[in-house]
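Colleague: If you use numbering that gives the first Met the number 0, the sequence shown corresponds to residues 0 to 56, in order. We put the beta carbon where it would ideally sit given N, CA and C, even for glycine. Take this structure first; my questions come after.
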Amino acid sequence: MYVKDFYSCDPDAKPRTIKNVANEMVREGSLMFWSSGSTTMYGIPSRIKDEEGEDGI
0 MYVKDFYSCD
10 PDAKPRTIKN
20 VANEMVREGS
30 LMFWSSGSTT
40 MYGIPSRIKD
50 EEGEDGI
């Protein structure tokens, strides 16, 4: 998911606030960064590991 995909979760929140929350979720391990090579997105760790192989990215 792109960070902009999270904006609809709380339309009243500012984009910077949403990005900070998403980054905090990465630090907690709830989300991981995933790179397509040209774009960095967020993903659920188990989903990233499933798509990338046993060890993830």
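On the three-state DSSP scale, how would you describe Y6?
Modeller: helix
Colleague: Let's test the definition: count the other Cβ atoms within 10 Å of the Cβ of G136 and tell me whether it reaches 16, buried, or not, exposed.
Modeller: Examination of residue 136 is not possible in this model, given that the chain is present from 0 through 56 alone.
Colleague: Who are the Cβ neighbours of P14 in its own chain at under 7 angstroms, not counting the five residues just before and after it?
Modeller: Result list for P14: Y6, in chain order.
Colleague: Quick check for students: name the residue ranges of the alpha helix (DSSP H) that lie wholly in the segment 17-53, counting only runs of 4 or more.
Modeller: Counting only runs that start and end inside the segment 17-53, the alpha helix (DSSP H) elements of at least 4 residues fall at 44-51.
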